[in-house]
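What follows is one structure encoded as structure tokens, with my remarks underneath.
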Amino acid sequence: MTNFGYNVLGFGSGGELVFNITISSSTNDFNLATHLAGNTSYNGTDRVRINLTINAGVVIGSTSHTTPSFQTGTIGFATTGSILNITNNGTIRGAGGRGGINNDGNNGRSTNADGKSNKDGGDGGTALTTTMTTIIDNTSGTIAGGGGGGGAGDVVDTAGGGGGGGGAGTIVGAGGQGNGTQGGTGSDGTATNGGSGSGSGAATAGGDGGDLGQAGSGGAGGGAFGAPGSGGAAGKFLDGTSTTTFTANGTRLGGSS
């Protein structure tokens, strides 16, 4: 169970309600608005100053590439002059993208549940999304988007095509399954590194998954069933540059918007 420390200090000199919050054990899909609503008396509209510390060794991850690992949520922050101060001594890490797939009965050309072609690698997930004024001291911390999945190799008749490697992240991207006699399955990613694409002999190889904050590699071409799969996009370390300031950058992997 995730441990949270809460200290309500009352109203500060500026008239805002002040909360001190410490995250002391690892968790996934952290939504600040949800946790305030469930653990404090905050009404969701008053102006607040939140001082949030992520302890060393704590990992805030995500269970899906579509869900940020840490998000402020929407409770009127942007219009009330509230401020979030984050001291990150741990890791905020996006989910890894899946590896490209060839074994769908259509040589990777069917549409995946994520809306992309099966043979294309899945995109890495975003680490941090902010919708309020946020100031971050990341001196000792890491904020990293998930790695994109590797694309599947173009299919060679009979020999097949290899699956792409999964992207790095939390949760890691799964390696994609290839097809044919030599296609094979790509390796899963790890918390920090992308997995290797598969394929041997005459089969075309799948691309490697991306490390944290890196795009996946495309699969090899030269088969008989169209272009190989493309690598998935790198996850962002931050979605919210217009509301966020860093007093210390620390380790930041991936892009931002």
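In my numbering, the protein residues as written are -2 to 254.
Ideal Cβ placement from N, Cα and C applies to all residues, glycine included.
Can you round the beta-carbon distance between residue i and residue j to whole angstroms, since I take them to be within the 8 Å contact cut?
{"i": "G148", "j": "G228", "result": "5 Å"}
{"i": "A92", "j": "G138", "result": "No, A92 and G138 are not in contact; Cβ-Cβ is about 18 Å, not under 8 Å."}
{"i": "A165", "j": "Q179", "result": "Their Cβ separation, rounded to whole angstroms, is 26 Å, which puts A165 and Q179 out of contact at 8 Å."}
{"i": "I98", "j": "N115", "result": "4 Å"}
{"i": "G183", "j": "S195", "result": "5 Å"}
{"i": "G255", "j": "G150", "result": "Beyond the ends of the chain as shown, which are -2 and 254, falls residue 255; an answer cannot be given."}
{"i": "D26", "j": "S59", "result": "6 Å"}
{"i": "T201", "j": "G158", "result": "5 Å"}
{"i": "K233", "j": "G252", "result": "5 Å"}
{"i": "T241", "j": "T127", "result": "5 Å"}
{"i": "N82", "j": "L49", "result": "7 Å"}
Compare the Cα-Cα distances from residue i to each of the options and report the closest residue.
{"i": "G213", "options": "T71, G35 and D120", "result": "D120"}
{"i": "S61", "options": "N36, N52, R90 and G247", "result": "R90"}
{"i": "G175", "options": "A141, S79, A217 and I168", "result": "A217"}
{"i": "N190", "options": "G170, N52 and T240", "result": "G170"}
{"i": "F16", "options": "I132, I80, S66 and S23", "result": "I80"}
{"i": "G142", "options": "T24, A231, G35 and Y39", "result": "A231"}
{"i": "T31", "options": "F67, A245, G162 and N109", "result": "F67"}
{"i": "S254", "options": "K113, A124, G198 and T84", "result": "A124"}
{"i": "G226", "options": "S23, T37 and G96", "result": "G96"}
{"i": "T42", "options": "I57, M129 and R249", "result": "M129"}
{"i": "A245", "options": "I132, G35 and V152", "result": "I132"}
{"i": "S197", "options": "L14, I47 and V153", "result": "V153"}
{"i": "V45", "options": "I18, V55 and G220", "result": "I18"}
Determine the burial state of residue i: buried for a count of at least 16 other Cβ atoms within 10 Å of its Cβ, exposed for fewer.
{"i": "Y3", "result": "Its pLDDT being 45, under 50, Y3 is placed unreliably by the model, and the measurement read from it follows with that caveat. Looking at its Cβ environment, which holds fewer than 16 other Cβ atoms inside 10 Å, Y3 is exposed."}
{"i": "N135", "result": "buried"}
{"i": "V5", "result": "A caution first: V5 carries a pLDDT of 46, below 50, which makes its placement in the model unreliable, though a value can still be read off. By the 10 Å Cβ count, V5 comes out exposed."}
{"i": "M(-2)", "result": "Low confidence applies here, because M(-2) scores a pLDDT of 31, under 50, leaving its location unreliable; read the following figure in that light. M(-2) should be labelled exposed."}
{"i": "S10", "result": "At S10 the pLDDT is 49, less than 50, meaning the model places this residue with poor confidence; the figure from the coordinates comes in the next sentence. That one is exposed."}
{"i": "D117", "result": "buried"}
{"i": "G237", "result": "buried"}
{"i": "G173", "result": "buried"}
{"i": "N104", "result": "buried"}
{"i": "S193", "result": "buried"}
{"i": "G177", "result": "buried"}
{"i": "D185", "result": "buried"}
{"i": "T167", "result": "buried"}
For residue i, which beta-bridge partners are listed by DSSP?
{"i": "D151", "result": "Per DSSP, none; premise fails for D151."}
{"i": "D255", "result": "As displayed, the chain neither begins before -2 nor continues past 254, which places residue 255 out of reach and without an answer."}
{"i": "R44", "result": "Its beta-bridge partners do not exist; DSSP assigns none."}
{"i": "L49", "result": "I18 and I83"}
{"i": "S184", "result": "DSSP, once it has assigned bridges, lists no residue as partnering S184."}
{"i": "T139", "result": "T88 and T248"}
{"i": "N25", "result": "G58"}
{"i": "G157", "result": "V153"}
{"i": "S253", "result": "L235"}
{"i": "N176", "result": "G158"}
Step through the CB atoms of chain D and report whether any lies within less than 9 Å of the CB of residue i.
{"i": "G166", "result": "In summary, chain D is missing from the structure at hand, where a single protein chain is found."}
For this session: Please list the segments of the beta strand (DSSP E) lying wholly inside the region 52 to 128, counting only runs of 3 or more residues, in order along the chain.
Result: 56 to 58, 80 to 85 and 88 to 90
Exercise. Counting only runs that start and end within the region 197 to 229, where is the beta strand (DSSP E) found for 3 or more residues in a row?
Worked result: none
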